[in-house]
Amino acid sequence: MATGTTIEVLYFAQVAEHMGLRRETLPLDAPVQAGAWLDALAARCPALGSAARLKLAINQEHAGRAATIRPGDEVAVFEPVTGG
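Following numbering that gives the first Met the number 0, the numbering of the sequence shown begins with 0 at its first residue and continues without gaps.
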């Protein structure tokens, strides 16, 4: 479980495959804009492709790039879902 100086990150589907794991705890000492955090994640794992296409949820609520990730949050990262 995340504490006040970390975030719990959950990866789903192709994102999990590219990252090589489904969950990890990462340090986060201060709030950060979600878009900047996603950009850093994409830089860490270039196989993810453009961070702009990734979606996220913060504490189980969909969030946009302008949202704020705070220490202690749970962040889920996934690709857009399309139907046929």
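Ideal Cβ positions, reconstructed from N, Cα and C, are used throughout, including at glycine.
For this session: Return yes when the Cβ of E78 is within less than 7 Å of the Cβ of N58, no when it is not.
Result: no
Exercise. Out of A42, L40, G19 and W36, which has the shortest C-alpha to C-alpha gap to A66?
Worked result: W36
Exercise. How would you label L25, buried or exposed, when you count the other beta carbons within 10 angstroms and need 16 or more for buried?
Worked result: The residue in question, L25, is exposed, as its Cβ has fewer than 16 Cβ neighbours within 10 Å.
Exercise. Just how far apart, CA to CA, sit Y10 and E16?
Worked result: 8 Å
Exercise. Hey, I68 and V31: beta-carbon distance below 7 Å or not?
Worked result: yes
Exercise. Which first and last residues belong to the beta strand (DSSP E) in which A56 is found?
Worked result: Run containing A56: K54 to I57, per the beta strand (DSSP E) assignment.
Exercise. For A75, which residues does DSSP report across the bridge?
Worked result: The partner list for A75 (beta bridge, DSSP) reads L9 and A56.
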